[in-house]
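Only one structure is covered here, and it is reproduced in the block below.
Numbering (the numbering used here), first residue to last: 589 to 1144.
The following block contains the structure:
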């Protein structure tokens, strides 16, 4: 009996395995089913079968964010591919390294029902697009996809025609991986002239503040930035995506911008020098430029942008790695004997320690929870080594401002495109990597309903995680804005469905939580249950977040 000839599908499997792919998120159809099934047969490969293509893409996005590896998703052509436009845009905005194996319509067919030109759709999202058109270029195209995903940190759509996949592969089954083509990680140092200019600004500054972003976290720049802040007398802050970078530092004032505490906002208003490091300094972080009106601004980044999101980002731009630049500036300050006290006094440290994200008192409606206190209780019971995935919606500013004690790489904020519904699948991607169930998803009820079918995916694949739904009975972002504008909010309120019952129906553990103090015992039960659980937190819809009260209600 003759052995089956090597086909293009087989070679594609070999190539993806050679690239180190360990987890594939897919929803199968005619154009990707044989490849997906063949991947599942590979030792060491876990295939997660999603119930919606958007979810498969968002799972790969979450996986890549948590691991730093290239996330891999797969869809079939036509309606399978068009479903991922939102998730693909989100991944592009988040600079997620990802490859989407997109089965395509057959090249040789005169007509095919599911045919659509995928290129303009993919490119419109910000993803890169590579079409495999011949066997001769097959392996080059796969390698290029993985190189671009890693070097440019963005998703790549790899179009693979279904009839091409079935052809015999006529060459030797050798594949040279992307590893030999990806430039080694480097720390570009700053121009000495730029260092001198920053030092001169620090020497004159009375109230400096350093803002660290995700780039600073990736550069492992914390120690260098803390040394810089100490020498210059600066307070420390972070962008939304830089949350946790300075956790525990007595002079850290938290998130800059729209989510800043009232006390932090006052300090920014006093600042005369702001140094943004590995942060875009866009609308949210700077409150459209109004957060620090009297400050000179320095931006340190490997790719500084003078104009971004319609804003002038800084007065001085330093093109350099965050850690390398901070170390060079500290060295220059020490050589010149420059040391400033700035903001740093014992009274300031005490005031920062006493600061709270939102001090206003509310009396919750009977049977409902103050969402701020609910988050604090969650934060207290969930261990600090867990990954925290936070979706988009009204509640997410409360979660991000009230949670404490976790490193930056434990937070995964799925809000890059401003869309709801991606938190659940992204958390599945994170949990698929961890494998130990130490993942907490904080999501809204409206968001959950968009992809509630993935609860079945969690059960079917035996994925362990804890899901906390901030259930306000509607679309909180919308009904709070309606009310702020004096408009009846009934169209944004859909009622508090039995989400615990829904979770139970999908085979998970579901619990309704409508009183404070239950989380510690429930968490112990969750730990011993060895399965995924959903807590339906009944939060008061009449308690807006501090950010919403200030921005939409006009509260000072």
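Heads up, the beta-carbon is just placed ideally off N, CA and C, and yes, glycines get one too.
Extent of the continuous beta strand (DSSP E) to which residue i belongs
{"i": "residue 999", "result": "999-1001"}
{"i": "residue 623", "result": "Segment 621-628 is the alpha helix (DSSP H) holding residue 623; no beta strand (DSSP E) there."}
{"i": "residue 1059", "result": "1054-1059"}
{"i": "residue 897", "result": "Counting along the chain, residue 897 falls outside any beta strand (DSSP E), and DSSP gives it neither H nor E."}
{"i": "residue 864", "result": "861-865"}
{"i": "residue 717", "result": "716-719"}
{"i": "residue 660", "result": "659-663"}
Residues that DSSP places opposite residue i in a beta bridge
{"i": "residue 843", "result": "826"}
{"i": "residue 1123", "result": "1056 and 1099"}
{"i": "residue 1084", "result": "Paired residues: none, contrary to the question."}
{"i": "residue 612", "result": "635"}
{"i": "residue 684", "result": "Partner(s): none; residue 684 has no beta bridge."}
{"i": "residue 1062", "result": "1081"}
{"i": "residue 592", "result": "None; residue 592 has no bridge partner."}
{"i": "residue 888", "result": "865 and 906"}
{"i": "residue 773", "result": "Paired residues: none, contrary to the question."}
{"i": "residue 550", "result": "Absent from the structure is residue 550, since the part of the chain shown begins at 589 and ends at 1144."}
{"i": "residue 957", "result": "1127"}
{"i": "residue 756", "result": "595"}
Assigned exposure category for residue i - 16 Cβ within 10 Å defines buried
{"i": "residue 759", "result": "exposed"}
{"i": "residue 780", "result": "exposed"}
{"i": "residue 698", "result": "exposed"}
{"i": "residue 589", "result": "For residue 589, the pLDDT reaches just 46, beneath the cut-off of 50, and the residue's location in the model is therefore unreliable, although a value from the coordinates is still provided. By the neighbour-count rule (16 or more Cβ atoms within 10 Å), residue 589 is not buried but exposed."}
{"i": "residue 965", "result": "buried"}
{"i": "residue 769", "result": "exposed"}
{"i": "residue 1052", "result": "buried"}
{"i": "residue 603", "result": "buried"}
{"i": "residue 761", "result": "exposed"}
{"i": "residue 831", "result": "buried"}
{"i": "residue 705", "result": "exposed"}
{"i": "residue 816", "result": "buried"}
{"i": "residue 1115", "result": "exposed"}
{"i": "residue 1112", "result": "exposed"}
{"i": "residue 607", "result": "buried"}
{"i": "residue 1063", "result": "buried"}
{"i": "residue 749", "result": "buried"}
{"i": "residue 944", "result": "exposed"}
{"i": "residue 1069", "result": "buried"}
{"i": "residue 1128", "result": "buried"}
{"i": "residue 891", "result": "exposed"}
{"i": "residue 949", "result": "exposed"}
{"i": "residue 599", "result": "buried"}
Where the alpha helix (DSSP H) containing residue i begins and where it ends
{"i": "residue 747", "result": "Note, residue 747: premise wrong, no alpha helix (DSSP H); beta strand (DSSP E) at 743-749."}
{"i": "residue 601", "result": "596-606"}
{"i": "residue 856", "result": "850-858"}
{"i": "residue 651", "result": "641-655"}
{"i": "residue 671", "result": "Taken as a continuous stretch (DSSP letters only), residue 671 belongs to no alpha helix (DSSP H), as it is neither H nor E."}
{"i": "residue 1139", "result": "1134-1139"}
{"i": "residue 914", "result": "910-923"}
{"i": "residue 711", "result": "706-713"}
{"i": "residue 944", "result": "No alpha helix (DSSP H) contains residue 944, which DSSP labels as neither H nor E."}
{"i": "residue 728", "result": "726-739"}
{"i": "residue 1116", "result": "1107-1117"}
{"i": "residue 872", "result": "871-874"}
{"i": "residue 1047", "result": "1042-1048"}
Residue-chain proximity (residue i, chain D), Cβ-Cβ < 8 Å
{"i": "residue 949", "result": "Looking at the structure shown, chain D is missing, and only one protein chain is on hand."}
Anticipated Cβ contact below 8 Å, residue i with residue j, distance rounded
{"i": "residue 910", "j": "residue 804", "result": "4 Å"}
{"i": "residue 1088", "j": "residue 1098", "result": "3 Å"}
{"i": "residue 1148", "j": "residue 685", "result": "Shown here, the chain extends from 589 to 1144; a query on residue 1148 therefore has no answer."}
{"i": "residue 1031", "j": "residue 1043", "result": "About 11 Å separates the two Cβ atoms, so there is no contact after all."}
{"i": "residue 801", "j": "residue 865", "result": "7 Å"}
{"i": "residue 861", "j": "residue 788", "result": "Residue 861 to residue 788, Cβ: 11 Å. No contact."}
{"i": "residue 1027", "j": "residue 1014", "result": "Incorrect: roughly 10 Å between the Cβ atoms, too far for contact."}
{"i": "residue 790", "j": "residue 928", "result": "7 Å"}
{"i": "residue 955", "j": "residue 1126", "result": "7 Å"}
- Message: Which complete alpha helix (DSSP H) runs does the stretch 961-1038 hold, if anything under 4 residues is left out?
- Response: 984-990, 1011-1022 and 1033-1038
- Message: Threshold first: 4 residues or longer. Then list the alpha helix (DSSP H) segments lying entirely within the stretch 784-839, N to C.
- Response: 802-806 and 810-820
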